[in-house]
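**Student:**
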Amino acid sequence: KQEVTQIPAALSVPEGENLVLNCSFTDSAIYNLQWFRQDPGKGLTSLLLIQSSQREQTSGRLNASLDKSSGRSTLYIAASQPGDSATYLCASTGTASKLTFGTGTRLQVTL
Amino acid sequence: ETGVTQSPTHLIKTRGQQVTLRCSSQSGHNTVSWYQQALGQGPQFIFQYYREEENGRGNFPPRFSGLQFPNYSSELNVNALELDDSALYLCASSPDPGLDEQFFGPGTRLTVL
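Going down the list, the protein sequences come from chains A and B.
Residue numbers for the first sequence follow my numbering, so the first one is 0 and each next one is one higher.
Residue numbers for the second sequence follow my numbering, so the first one is 229 and each next one is one higher.
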């Protein structure tokens, strides 16, 4: 059974800092790894999707990496802004096409 | 292109009642998945529908059931509601099951009293 863990559970940084969010998974037989953003009480916004054959994906200030052999993915956010404050969730896709989510990292970027 | 939509936005029910939640998938998407997200937790997979057939189910009891229609919209039905069913219910659509990116709707907040 796939288990996904995210560390840290919460993070507070001043505006402008670069930061890294971590995601680990127990079963390396994944099809892809997806990072999401969730604002309080809202749905999920897809940020980046990394296929199992890829090592990383970039979108603007976001860069996500995937190391299947070690069961890890990281989300790097450059030059953080207050608007980046949200909960960030990672999820792996395995068999049965279901996403298995971590519990998220709650990020607060302060002025 | 219209994104994934869900209705209603909020819902309050009492224990033992039944509820139906609705989801319209993104244009061109034939796969719909449903997730339950309890407060402070990550979403949990309920089930997936692909071309009107169930295509995988998570660890949820049979009182959670679903449908997918020919236009690929979907319903989630929950019978005999329990207090622990209070959660945000999320619907996601994708072009095909498996490798594709999943796109989520805004969710339905269900409160069971």
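The beta carbon of each residue, even a glycine, is placed where N, CA and C say it ideally should be.
Treat the numbers as computed from the prediction; the structure is a model and nothing was measured.
How many whole angstroms separate the CB atoms of B:V232 and B:L239, which I take to be in contact at a CB cut-off of 8 angstroms?
**Tutor:** For the purposes of this step, residue 232 of chain B is taken as residue 4 along the second sequence, with counting starting at 1. For the purposes of this step, residue 239 of chain B is taken as residue 11 along the second sequence, with counting starting at 1. Rounded, the Cβ-Cβ distance is 18 angstroms, inconsistent with contact.
**Student:** Quick check: B:R243 and B:V340, are their CB atoms within less than 8 angstroms of each other?
**Tutor:** Here residue 243 of chain B refers to the residue found at position 15 of the second sequence. Here residue 340 of chain B refers to the residue found at position 112 of the second sequence. Going by C-beta atoms, B:R243 is nearer than 8 angstroms to B:V340.
**Student:** Take A:R54 and list the residues in its own chain whose beta-carbon comes closer than 7 angstroms to its own, dropping the five residues that flank it on each side.
**Tutor:** If you number the first sequence from 1, residue 54 of chain A lands on position 55. Excluding positions up to five away in sequence, the list reads S64 and L65.
**Student:** Is DSSP giving B:G284 helix, strand or coil here?
**Tutor:** The count along the second sequence starts at 1 and reaches residue 284 of chain B at position 56. Per DSSP, reduced to three states, the secondary structure at B:G284 is strand.
**Student:** Sorted by chain position, which residues of the same chain lie with C-beta nearer than 7 angstroms to B:G256's C-beta, five sequence neighbours on each side aside?
**Tutor:** Position 28 of the second sequence, counted from the start, is the residue given in the question as residue 256 of chain B. Once the five neighbours on either side are set aside, the close Cβ partners of B:G256 are P323.
**Student:** What first and last residue would you give for the beta strand (DSSP E) that runs through B:T233?
**Tutor:** Position 5 of the second sequence, counted from the start, is the residue given in the question as residue 233 of chain B. Counting along the chain, the beta strand (DSSP E) containing B:T233 begins and ends at T233 to S235.
**Student:** When Cβ atoms are compared, which residues of the stretch 44-67 of chain A fall closer than 8 angstroms to chain B?
**Tutor:** T44, S45, L48 and Q50
**Student:** Let me check one thing: in DSSP terms, what residues is A:T104 bridge-paired to?
**Tutor:** On the first sequence, residue 104 of chain A is found 105 positions in, with the first residue counted as 1. Its beta-bridge partners are A:Y87.
**Student:** Examine chain B for any beta-carbon lying closer than 8 angstroms to the beta-carbon of A:L88, and answer yes or no.
**Tutor:** For the purposes of this step, residue 88 of chain A is taken as the residue at position 89 of the first sequence. With 8 angstroms as the cut-off, A:L88 counts as an interface residue toward chain B.
**Student:** Between which two residues does the beta strand (DSSP E) harbouring A:K97 extend?
**Tutor:** Against the first sequence, residue 97 of chain A aligns to sequence position 98. For A:K97, no beta strand (DSSP E) run applies, since DSSP gives it neither H nor E.
**Student:** Measuring alpha carbon to alpha carbon, tell me which of B:Q265, B:Q254 and B:T259 ends up nearest B:R337.
**Tutor:** For the purposes of this step, residue 337 of chain B is identified with residue 109 of the second sequence, where counting begins at 1. The shortest C-alpha separation from B:R337 is found at B:Q265.
**Student:** Please classify A:I6: is it buried, with 16 or more other beta-carbons within 10 angstroms of its beta-carbon, or exposed?
**Tutor:** The residue given as residue 6 of chain A occupies position 7 in the first sequence. By the neighbour-count rule (16 or more Cβ atoms within 10 Å), A:I6 is not buried but exposed.
**Student:** What does DSSP give as the partner residue(s) for B:G294 in the beta ladder?
**Tutor:** Counting from 1 along the second sequence, the entry for residue 294 of chain B is found at position 66. B:G294 pairs with B:L304.
**Student:** Show which residues of chain B have a CB atom less than 9 angstroms away from the CB atom of A:Q33.
**Tutor:** Along the first sequence, read from residue 1 onward, the residue named residue 33 of chain A stands at position 34. E329 and Q330, listed in chain order.
**Student:** What does B:N258 touch in chain A if you count any residue whose Cβ is under 8 angstroms from its own?
**Tutor:** Sequence index remark: in the second sequence, residue 258 of chain B carries index 30 (1-based). In chain order: nothing, as chain A lies at least about 12 angstroms away.
**Student:** Against A:G70, what residues of chain B qualify as contacts under a CB-to-CB distance less than 9 angstroms, listed in chain order?
**Tutor:** As a position in the first sequence, residue 70 of chain A is number 71, starting the count at 1. Those do not exist, as A:G70 stays about 17 angstroms from chain B at its closest Cβ, beyond 9 angstroms.
**Student:** Whole angstroms are fine: how far does the CA of B:Q269 sit from the CA of B:P334?
**Tutor:** Stepping through the second sequence from its first residue, residue 334 of chain B is reached at position 106. Stepping through the second sequence from its first residue, residue 269 of chain B is reached at position 41. The straight-line gap from Cα to Cα measures roughly 16 angstroms.
**Student:** How big is the Cα-Cα spacing for B:C251 and A:L47?
**Tutor:** To locate residue 251 of chain B, count along the second sequence from 1; it is residue 23. To locate residue 47 of chain A, count along the first sequence from 1; it is residue 48. Rounded to the nearest angstrom, the two C-alpha atoms are 23 angstroms apart.
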